[in-house]
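**Student:**
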Amino acid sequence: MSWGQQWAPYVSVGDKLNKAVRHAVQLAKKQKREREPVSIQGRAIAKTFWGKAWCDNLTAYQDYSNRLPRGATYVRNGSVVDLIIRPKKIDAVVAGSEPYTVKIEITELDRNRWKTIRSECSESIESLLDLLSGRLSDGVMKQLTDQKTGLFPSPREIRMSCSCPDSSSCCKHLAAVMYGVGARLDNQPELLFLLRGVDHQELVSQAIAAGNLDRELSRGSGGLDSQDLGAIFGIELDSSVGEPSKPMKKKQTSTKTVAATAASKTASVKKTQRTGRSTVPAKASVAKAGVAKAKAASKKSGAKASTKSAKQKTGAATKRAKRSGRS
Numbered sequence: 000m001s002w003g004q005q006w007a008p009y010v011s012v013g014d015k016l017n018k019a020v021r022h023a024v025q026l027a028k029k030q031k032r033e034r035e036p037v038s039i040q041g042r043a044i045a046k047t048f049w050g051k052a053w054c055d056n057l058t059a060y061q062d063y064s065n066r067l068p069r070g071a072t073y074v075r076n077g078s079v080v081d082l083i084i085r086p087k088k089i090d091a092v093v094a095g096s097e098p099y100t101v102k103i104e105i106t107e108l109d110r111n112r113w114k115t116i117r118s119e120c121s122e123s124i125e126s127l128l129d130l131l132s133g134r135l136s137d138g139v140m141k142q143l144t145d146q147k148t149g150l151f152p153s154p155r156e157i158r159m160s161c162s163c164p165d166s167s168s169c170c171k172h173l174a175a176v177m178y179g180v181g182a183r184l185d186n187q188p189e190l191l192f193l194l195r196g197v198d199h200q201e202l203v204s205q206a207i208a209a210g211n212l213d214r215e216l217s218r219g220s221g222g223l224d225s226q227d228l229g230a231i232f233g234i235e236l237d238s239s240v241g242e243p244s245k246p247m248k249k250k251q252t253s254t255k256t257v258a259a260t261a262a263s264k265t266a267s268v269k270k271t272q273r274t275g276r277s278t279v280p281a282k283a284s285v286a287k288a289g290v291a292k293a294k295a296a297s298k299k300s301g302a303k304a305s306t307k308s309a310k311q312k313t314g315a316a317t318k319r320a321k322r323s324g325r326s
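Okay, so the sequence shown: first residue is 0 according to numbering that gives the first Met the number 0, each after it adds one.
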């Protein structure tokens with residue numbers, strides 16, 4: 000492409016990326032959100048079941064075959080600098096000669112098809128548990144990824160536009176964004192349901208309504224428990240098992256109190272050794288005083304008894320003397 004009478008000035012890939020990033024940052028700021036770039040580590044664009052299934056679905060359609068290789072290169076080198084998935088809509092910014100804006104609209108999943116998928120899941124609760132935990136049986140995989148009856152959109156259900164000058168139905172920037180969706184599904188598989196306009200939690204509610212979920216959980220055969228199931232799908236499941244009561248702790252004597260008592264006893268012994276006087280607590284002193292008083296009273300009582308006995312003896316002697324004189 001000529002630039003006037005000369006070739007256009009060379010712009011490095013790094014400069015193109017930086018320019019696209021600045022554009023994406025400004026766009027995200029206007030929309031009051033954070034920029035969400037697509038980052039690929041290594042050659043594999045997607046590594047999980049959901050991401051791989053999305054990318055495999057793209058290669059199955061001949062409409063995209065001639066543009067997909069360039070799109071894969073673009074997404075690997077970080078050219079998709081911003082990608083937002085909303086209900087039935089994808090918005091992205093891709094670095095090229097200029098920052099290009101990509102818009103993709105996905106037709107909502109047919110109601111009858113979605114009803115069939117829910118019905119199939121409720122009939123086989125084991126398949127539903129595999130779905131929630133990321134481990135899918137061959138039957139469920141076939142059901143979900145089938146081009147006619149599964150979750151993935153067909154080319155006629157996708158409307159795409161790019162601001163680049165390429166007039167083809169699927170340019171390399173659009174292909175890069177479609178691959179970017181596969182990479183995003185690696186970490187957020189629920190976005191596929193959002194993109195198709197359906198609620199993934201309906202799969203759980205359908206199984207509960209069919210009475211299969213409690214039966215499967217009650218088997219206790221190493222499957223998911225209610226806490227695991229709730230964590231995977233972001234819902235709460237009631238549990239009848241309460242938390243065990245905590246045992247009451249025994250009251251412990253303060254270390255400071257024990258130390259103070261020991262110090263007091265030590266000081267008392269030292270004072271006794273120094274002065275020769277016992278520093279007995281007040282209660283002990285009172286007890287000793289009571290004993291001494293009781294001894295004194297006992298001695299006084301004994302003295303009185305002795306005096307009375309002496310008087311009685313003297314009186315008896317006088318009487319005998321008088322009788323002797325008369326005779």
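All C-beta atoms, glycine included, are put in the ideal place defined by N, C-alpha and C.
Output yes or no for whether 8 Å exceeds the beta carbon distance between residue 63 and residue 161.
**Tutor:** For residue 63 and residue 161, no; Cβs fall outside 8 Å.
**Student:** Does the beta-carbon of residue 58 have 16 or more other beta-carbons within 10 angstroms, so that it is buried, or is it exposed?
**Tutor:** Per the 10 Å Cβ criterion, exposed.
**Student:** Please state if the CB of residue 190 and the CB of residue 184 are separated by a distance shorter than 8 Å.
**Tutor:** Result yes, Cβ atoms of residue 184 and residue 190 sit closer than 8 Å.
**Student:** Alpha carbon to alpha carbon, how far is residue 253 from residue 188?
**Tutor:** Unreliable placement is indicated for residue 253, whose pLDDT of 49 sits below 50; the coordinate value is still reported in the next sentence. Their Cα atoms are separated by approximately 57 Å.
**Student:** Specify, as a first and last residue, the run of the beta strand (DSSP E) that residue 9 falls within.
**Tutor:** From DSSP, residue 9 is part of no beta strand (DSSP E); its letter is neither H nor E.
**Student:** Give me whichever residues DSSP pairs with residue 90 in a beta bridge.
**Tutor:** In DSSP, residue 90 forms a bridge with 83 and 102.
**Student:** Do three or more CB pairs link the stretch 72-87 to the stretch 16-24 at distances below 8 Å?
**Tutor:** Yes, since at least three Cβ pairs between the stretch 72-87 and the stretch 16-24 fall closer than 8 Å, the two stretches touch.
**Student:** I'd like the list of long-range same chain contacts for residue 75, defined as Cβ closer than 6 Å, with 5 residues on each side in sequence excluded.
**Tutor:** For residue 75, where only same-chain residues beyond five positions count, the Cβ hits under 6 Å are 39.
**Student:** Can you tell which of 90, 164, 142 and 119 has the C-alpha that lies nearest to the C-alpha of residue 341?
**Tutor:** With the chain running from 0 to 326 in the structure shown, residue 341 is simply not present.
**Student:** First and last residue of the beta strand (DSSP E) that includes residue 161?
**Tutor:** 157-161 is the span of the beta strand (DSSP E), which, as asked, contains residue 161.
**Student:** Rounded to a whole number of angstroms, what is the C-alpha to C-alpha distance between residue 68 and residue 163?
**Tutor:** Taking the straight line from one Cα to the other gives about 18 Å.
**Student:** Measuring straight from C-alpha to C-alpha, what distance separates residue 32 and residue 21?
**Tutor:** Going from the Cα of residue 32 to the Cα of residue 21 covers about 14 Å.
**Student:** Taking the alpha-carbon of residue 52 as reference, which of 29, 182, 195 and 198 has the nearest alpha-carbon?
**Tutor:** Closest by alpha carbon: 182.
**Student:** Below 8 Å on the Cβ atoms is my guess for residue 26 versus residue 101; work out the distance and round it to an integer in Å.
**Tutor:** Not confirmed; about 12 Å, so no contact.
**Student:** Please report how far the alpha carbon of residue 201 lies from the alpha carbon of residue 153, in whole angstroms.
**Tutor:** Distance between the alpha carbons of residue 201 and residue 153 is about 23 Å.
**Student:** For residue 145, which of 23, 55 and 87 has the nearest alpha-carbon?
**Tutor:** The shortest C-alpha separation from residue 145 is found at 55.
**Student:** What is the DSSP secondary structure of residue 232, counted as helix, strand or coil?
**Tutor:** In this prediction, residue 232 has a pLDDT of 48, which is less than 50 and means its spatial position is unreliable; what the coordinates show is noted afterwards. Looking at residue 232 - three-state DSSP - the assignment turns out to be helix.
**Student:** Roughly how many whole angstroms lie between the Cα atoms of residue 117 and residue 166?
**Tutor:** Cα-Cα distance, rounded: 39 Å.
**Student:** With DSSP collapsed to three states, give me the class of residue 138.
**Tutor:** Helix, per DSSP.
**Student:** Below 6 Å CB to CB, which residues in the same chain sit around residue 9 once its five sequence neighbours on both sides are set aside?
**Tutor:** Cβ neighbours of residue 9 beyond the five flanking positions: none.
**Student:** For a test of the three-state rule: what should DSSP assign to residue 328, helix, strand or coil?
**Tutor:** Any question about residue 328 goes unanswered here, given that the chain covers just 0 to 326.
**Student:** Distance, Cα to Cα, residue 141 vs residue 186?
**Tutor:** Answer to the nearest angstrom: the Cα atoms are 21 Å apart.
**Student:** Give me the Cα-Cα distance between residue 50 and residue 180, rounded to the nearest whole angstrom.
**Tutor:** Approximately 8 Å between the Cα atoms of the pair.
**Student:** Would residue 171 and residue 70 qualify as a contact pair, given that the criterion is a beta-carbon distance under 8 Å?
**Tutor:** The answer is yes: Cβ separation under 8 Å.
**Student:** Starting from the C-beta of residue 178, find all residues in its chain whose C-beta is less than 6 Å away, skip the five residues before and the five after it, and write them out in chain order.
**Tutor:** Same-chain partners within the cutoff: 44, 70, 71 and 74.
**Student:** Excluding sequence positions up to five away, which residues of its chain have a Cβ less than 6 Å from the Cβ of residue 197?
**Tutor:** Cβ within range, chain order: 108 and 113.
**Student:** Between the Cα of residue 199 and those of 86, 23, 96 and 95, spot the shortest distance and give me the residue it belongs to.
**Tutor:** Selected option, being the one with the closest Cα: 86.
**Student:** Nearest CA to the CA of residue 149: which residue from 115, 35 and 36?
**Tutor:** The shortest Cα separation from residue 149 among 115, 35 and 36 belongs to 115.
**Student:** Does the distance from the CB of residue 66 to the CB of residue 169 come in under 8 Å?
**Tutor:** In this structure, residue 169 lies closer than 8 Å to residue 66 by Cβ.
**Student:** Comparing alpha-carbon positions, which option in 155, 48, 23 and 30 lies nearest residue 37?
**Tutor:** Checking every option, the nearest Cα to that of residue 37 belongs to 23.
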